[in-house]
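Trainee: In the numbering used here, the protein residues as written are -13 to 221.
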Amino acid sequence: MTVALLCVPHAGAGASMFRKWKRHPFRQLEVVPVQLPGREELFAQDPLTSLTEVVDWCLDRVRETPEDAPFALFGHSFGALVAYETAQRLVAEGARLPERLVVSGVAAPWLPRPVMGGETLTDDRFAARVREVVGHDHPALHDAELRGLLLPSLRADLGISDRYTPGSTDPLPFPVTVLRGADDQLVSRQDAALWSKVGASSTEVIEMPGDHMYFSLDPKPLLAELDAVFARGAG
-13 MTVALLCVPH
-3 AGAGASMFRK
7 WKRHPFRQLE
17 VVPVQLPGRE
27 ELFAQDPLTS
37 LTEVVDWCLD
47 RVRETPEDAP
57 FALFGHSFGA
67 LVAYETAQRL
77 VAEGARLPER
87 LVVSGVAAPW
97 LPRPVMGGET
107 LTDDRFAARV
117 REVVGHDHPA
127 LHDAELRGLL
137 LPSLRADLGI
147 SDRYTPGSTD
157 PLPFPVTVLR
167 GADDQLVSRQ
177 DAALWSKVGA
187 SSTEVIEMPG
197 DHMYFSLDPK
207 PLLAELDAVF
217 ARGAG
């Protein structure tokens, strides 16, 4: 049976990259992009500025999936924290649970993370801070017009990340898969491995070639790995 993989974007990003993933020949997955307010076709809406609002938004997307169909959650970096908190809320509410949580490019939720300062820094300093911490330079940060479109949602998301504390660290009753770029300078192998305390069922940590944004230029290795993860789970 096909598993609907709800994909939450990283900070400031829209869901368009996930729509491209839908063309990948998955064996068991159907990619379901989660578009957050303030970006792409929802640009006219204000970005959400609290974790509770973002999780509520994601829970609504979960509820839109067919009741009798399996689903899973995926997120990268900021999106991984949102996916994790969404999973915890589903457990707390006694709701239908995902088959699996897949978190990418993020340390275990209780660990300290760099403060980005997006709510106080000027545009130039904030863009420089993002490049410094993430170790990845997005072309939009160098274009005044594109930066004006990107920064409001990026500031909102990273503001949530700056204030983040986990709502719960109780073990989740379903498998957790952790993905990390082998050359990621933001998330160490040890900090990624500590997710093992979250997965009561099972946790696997998989390293991919590349840095923090290891899938940005070529997502095919990641998509093939996701396909393999869910194929193993089905076996």
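Each residue gets a CB set at the ideal place from its N, CA and C atoms; glycine is no exception.
According to the Cβ coordinates, are PRO(-5) and SER139 closer than 7 Å?
Mentor: no
Trainee: Which of helix, strand or coil does DSSP assign to VAL20?
Mentor: coil
Trainee: Can you tell me whether DSSP reads LEU144 as helix, strand or coil?
Mentor: helix
Trainee: Does the beta-carbon of ARG141 have 16 or more other beta-carbons within 10 angstroms, so that it is buried, or is it exposed?
Mentor: buried
Trainee: Please report how far the alpha carbon of ALA30 lies from the alpha carbon of THR189, in whole angstroms.
Mentor: Cα to Cα, ALA30 sits roughly 39 Å from THR189.
Trainee: Per DSSP, ARG166 forms a beta bridge with which residues?
Mentor: GLU193
Trainee: Report the rounded CA-to-CA distance for GLY256 versus VAL120, giving the unit in angstroms.
Mentor: One cannot answer for residue 256 here, as it falls past the ends of the chain, which runs -13 to 221.
Trainee: Between TYR150 and the rest of its own chain, which residues show a CB-CB distance below 7 Å, the 5 nearest in sequence each way excluded?
Mentor: LEU37 and LEU67
Trainee: Within this structure, are the beta carbons of ALA(-3) and LEU144 separated by less than 7 Å?
Mentor: yes
Trainee: When the Cα atoms are used, what is the spatial distance from ARG99 to GLN14?
Mentor: 34 Å
Trainee: Using only alpha-carbon positions, find the residue among GLU85, PRO95 and GLY134 that is nearest to ASP109.
Mentor: GLY134
Trainee: On the DSSP bridge list, what partners appear for ALA(-10)?
Mentor: GLU16 and PHE57
Trainee: Per the contact definition of three or more C-beta pairs closer than 8 Å, is the segment 69 to 88 in contact with the segment 168 to 177?
Mentor: no
Trainee: Given a threshold of 16 other Cβ atoms within 10 Å of its Cβ, counted over all protein chains shown, does GLN176 qualify as buried or as exposed?
Mentor: Counting the other Cβ atoms within 10 Å of the Cβ of GLN176 gives fewer than 16, which makes it exposed.
Trainee: Based on the DSSP output, what are the partners of VAL88 in its beta bridges?
Mentor: PHE60 and THR163
Trainee: Spatial neighbours of HIS198 within its chain, please: CB distance less than 8 Å, with the 5 preceding and 5 following residues excluded, ordered by chain position.
Mentor: So the list reads SER63, GLY91, VAL120, GLY121, HIS122, GLY167, ASP170, GLN171, LEU172 and VAL173, once near-sequence residues are dropped.
Trainee: Pull up the DSSP beta-bridge partners for LEU158, would you.
Mentor: GLY185
Trainee: Determine, using beta carbons only, whether ALA81 and LEU59 come nearer to each other than 7 Å.
Mentor: Contact: no.
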